[in-house]
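**Q** Residue numbers (the working numbering), protein chains in the order written: chain A, 2 to 157; chain Z, 2 to 157. Note that CB positions come from ideal geometry on N, CA and C, so glycine has one too.
Number of protein chains: 2
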Amino acid sequence: MGQPNQTIGHLYLEDLRVGQQFTSGSYLMETGRIKEFAAEFDPQPFHLDESAAETSVFRGLAASGWHTAAATMRLLLTGGLPLADGIIGVGGEIAWPRPTRPGDTLRVESEILEITPSRSKPNQGFVTVRSTTLNQDQEAVYIFTAKVLVFRRASH
Amino acid sequence: MGQPNQTIGHLYLEDLRVGQQFTSGSYLMETGRIKEFAAEFDPQPFHLDESAAETSVFRGLAASGWHTAAATMRLLLTGGLPLADGIIGVGGEIAWPRPTRPGDTLRVESEILEITPSRSKPNQGFVTVRSTTLNQDQEAVYIFTAKVLVFRRASH
């Protein structure tokens with residue numbers, strides 16, 4: 002599980018600024034967990050079996066993109082994006098520019114791209130955050146540009 | 002696990018047409034699995050604990066959006082999108098218009114939106130597929146508009 006920095010988030014809507022950046026802890030993608038996750042949710046040969054994966058488009062075992070996405074969420078919640086009320090995403094864009102491999106150590110770098118206060122609900126707003134998940138060679142394996150619901154401190 | 006229709010996919014690039022539609026089998030979102038998935042990947046109170054969830058923005062326990070996304074992938078692979086070479090997504094857009102609840106039975110309806118043959122690699126192309134995951138009340142809980150790599154029959 003890497004070093005899950007179990008920081009409780011502290012940032013409210015009024016603490017965020019466009020351009021603000023955050024870096025997560027790290028997360029190890031273990032071979033056994035890659036295969037288990039794939040068997041449950043993404044049972045394709047290139048996620049399950051080394052020899053089948055060798056002759057696939059991935060040319061070697063690759064984690065399910067949804068496993069990478071889920072690991073990224075864990076990294077965001079354990080210090081990578083320290084929002085006080087948690088990370089409540091309504092959607093966004095995702096991309097997997099390159100496979101995640103067994104033994105990869107992932108971390109996430111996030112940047113606030115846009116902040117849109119709600120017109121109808123003064124205590125909340127939507128924040129666009131781009132989170133790039135990198136492997137140990139600083140290669141991007143996953144990019145999630147999320148629209149996240151964030152509350153003001155005053156709403157508590 | 003619902004009725005995972007373990008159909009092996011049979012469709013190649015030349016078998017797909019814009020407007021073509023597919024329907025998956027069903028998948029039960031069990032309370033225990035919702036909490037386990039959240040504990041591993043999305044440890045937020047509204048995914049883990051009923052009473053904490055009652056006072057949250059979700060007003061009751063909700064599955065992690067990534068759990069819904071992963072369950073959708075399983076439904077696509079077990080008959081919901083019967084591509085011969087599997088489902089190799091490079092990215093796309095996602096939205097969670099409404100929470101998935103414990104006990105929900107999900108199914109996925111997919112439609113081919115766009116087919117773009119590769120210019121440089123004649124044996125493959127990119128296909129845009131919109132997959133809408135519905136609960137038992139026919140409400141959309143997740144929409145994934147994916148860009149998927151699909152091969153021609155001739156490439157085998």
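So the candidates are P100/Z, G87/Z, R108/Z; which of them puts its Cα closest to the Cα of F152/Z?
**A** The residue given as residue 152/Z occupies position 151 in the second sequence. The candidate whose alpha carbon is nearest that of F152/Z is G87/Z.
**Q** According to DSSP, V151/Z sits in a beta bridge with which residue or residues?
**A** Translated into the one-based positions of the second sequence, residue 151/Z becomes position 150. V151/Z is bridged to G126/Z.
**Q** Could you work out which residues of chain Z lie near M74/A, taking near to mean beta carbons separated by less than 7 angstroms?
**A** One-based indexing of the first sequence puts residue 74/A at position 73. F42, D43, W67, listed in chain order.
**Q** Hey, could you find the ends of the alpha helix (DSSP H) G33/A is sitting in?
**A** Locating residue 33/A in the first sequence gives position 32, counting from the first residue. It spans 32 to 42 - the alpha helix (DSSP H) in which G33/A sits, taken as one unbroken run.
**Q** Quick check on A63/Z: buried or exposed, where buried means 16 or more other Cβ atoms within 10 Å of its Cβ?
**A** Stepping through the second sequence from its first residue, residue 63/Z is reached at position 62. It counts as buried.
**Q** Name the residue from A96/Z, G92/Z, G90/Z, I89/Z whose alpha carbon lies nearest to the alpha carbon of V91/A.
**A** Locating residue 91/A in the first sequence gives position 90, counting from the first residue. The candidate whose alpha carbon is nearest that of V91/A is A96/Z.
**Q** Per DSSP, what kind of secondary structure is A63/A in: helix, strand or coil?
**A** Translated into positions along the first sequence, residue 63/A becomes position 62. The answer is coil: DSSP assigns A63/A none of H, G, I, E or B.
**Q** For chain A, is any of its Cβ atoms less than 7 angstroms away from the one on A70/Z?
**A** Reading the second sequence from its first residue, position 69 is the one you call residue 70/Z. True, the Cβ-Cβ gap to chain A drops below 7 angstroms.
**Q** To which residues does DSSP link E23/Z through a beta bridge?
**A** Your numbering for residue 23/Z matches position 22 in the second sequence. Checking the displayed sequence, the identity of residue 23/Z turns out to be Phe instead of Glu. Partner(s): S111/Z.
**Q** Pick out whichever of R60/Z, G126/Z, P103/Z has its Cα sitting closest to the Cα of Q137/Z.
**A** Counted from its first residue, the second sequence places residue 137/Z at position 136. Considering only alpha carbons, the answer is P103/Z.
**Q** Please classify S52/A as buried or exposed, where buried requires at least 16 other C-beta atoms within 10 Å of its C-beta.
**A** Taking the first sequence and counting its residues from 1, one reaches residue 52/A at position 51. S52/A comes out exposed.
**Q** Taking only the alpha-carbon atoms, compute the straight-line gap between D43/A and E112/Z and give it to the nearest angstrom.
**A** Your numbering for residue 43/A matches position 42 in the first sequence. Your numbering for residue 112/Z matches position 111 in the second sequence. About 20 angstroms.
**Q** What residues from the segment 79 to 101 of chain A come within 9 angstroms of chain Z, judged by C-beta to C-beta, listed N to C?
**A** T79, D86, G87, I88, I89, G90, V91, G92, G93, E94, I95, A96, W97, P98
**Q** If we ignore side chains and look at the alpha-carbon of each, how far apart do G81/Z and F47/A end up?
**A** To locate residue 81/Z, count along the second sequence from 1; it is residue 80. To locate residue 47/A, count along the first sequence from 1; it is residue 46. Roughly 19 angstroms between the two C-alpha positions.
**Q** Taking the DSSP output, what are the residues bridged to I144/Z?
**A** The count along the second sequence starts at 1 and reaches residue 144/Z at position 143. Its beta-bridge partners are A96/Z, T133/Z.
**Q** Just confirm the distance between the C-beta atoms of P98/Z and I144/Z, as a whole number of angstroms; I'd bet it's less than 8 angstroms.
**A** On the second sequence, position 97 is the one that residue 98/Z refers to. On the second sequence, position 143 is the one that residue 144/Z refers to. Confirmed, Cβ separation roughly 7 angstroms.
**Q** Buried or exposed: which applies to S121/Z, given that a residue is buried once 16 or more other Cβ atoms fall within 10 Å of its Cβ?
**A** Counting from 1 along the second sequence, the entry for residue 121/Z is found at position 120. Burial call: exposed.
**Q** Report all residues from its chain with a CB closer than 6 angstroms to the CB of T8/Z; omit the five preceding and five following residues, and keep chain order.
**A** Counted from its first residue, the second sequence places residue 8/Z at position 7. Caution is warranted here: a pLDDT of 47 is assigned to T8/Z, below 50, making its placement in the model unreliable, and the coordinate value is therefore given only provisionally. For T8/Z, where only same-chain residues beyond five positions count, the Cβ hits under 6 angstroms are G80, P83.
**Q** With distances taken from CA atoms, which of R60/A, I89/A, E41/A is nearest G10/A?
**A** Reading the first sequence from its first residue, position 9 is the one you call residue 10/A. Comparing Cα positions, the closest option is I89/A.
**Q** To which residues of the same chain is V58/A closer than 8 angstroms at the C-beta, ignoring the five residues directly before and after it?
**A** The residue you call residue 58/A lines up with position 57 of the first sequence. Cβ within range, chain order: F47.
**Q** Check whether the segment 11 to 27 of chain A and the segment 123 to 133 of chain A touch, using three or more Cβ-Cβ pairs below 8 angstroms as the test.
**A** yes
**Q** Is G81/Z helix, strand or coil by DSSP?
**A** On the second sequence, residue 81/Z is found 80 positions in, with the first residue counted as 1. Correct three-state label for G81/Z: helix.
**Q** Between the Cα of I35/A and those of E115/A, Q21/A, R60/A, S65/A, spot the shortest distance and give me the residue it belongs to.
**A** As a first step, residue 35/A is located in the first sequence; it is residue number 34 there, counting from the start. For the residues E115/A, Q21/A, R60/A, S65/A, the minimum Cα distance to I35/A belongs to S65/A.
**Q** For a test of the three-state rule: what should DSSP assign to P118/Z, helix, strand or coil?
**A** On the second sequence, position 117 is the one that residue 118/Z refers to. Judged by DSSP in its simplified three-state form, P118/Z adopts strand.
**Q** Ignore the nearest five residues each way along the sequence and tell me which others in E94/A's own chain have a CB closer than 7 angstroms to its CB.
**A** On the first sequence, position 93 is the one that residue 94/A refers to. Closer than 7 angstroms at the Cβ level, and outside the excluded window around E94/A, lie T146.
**Q** On the DSSP bridge list, what partners appear for T106/A?
**A** The residue you call residue 106/A lines up with position 105 of the first sequence. Answer is L29/A.
**Q** Would L150/A and V109/A qualify as a contact pair, given that the criterion is a beta-carbon distance under 7 angstroms?
**A** Taking the first residue of the first sequence as position 1, residue 150/A is located at position 149. Taking the first residue of the first sequence as position 1, residue 109/A is located at position 108. No, the pair does not count as a contact, with Cβ atoms beyond the cut-off.
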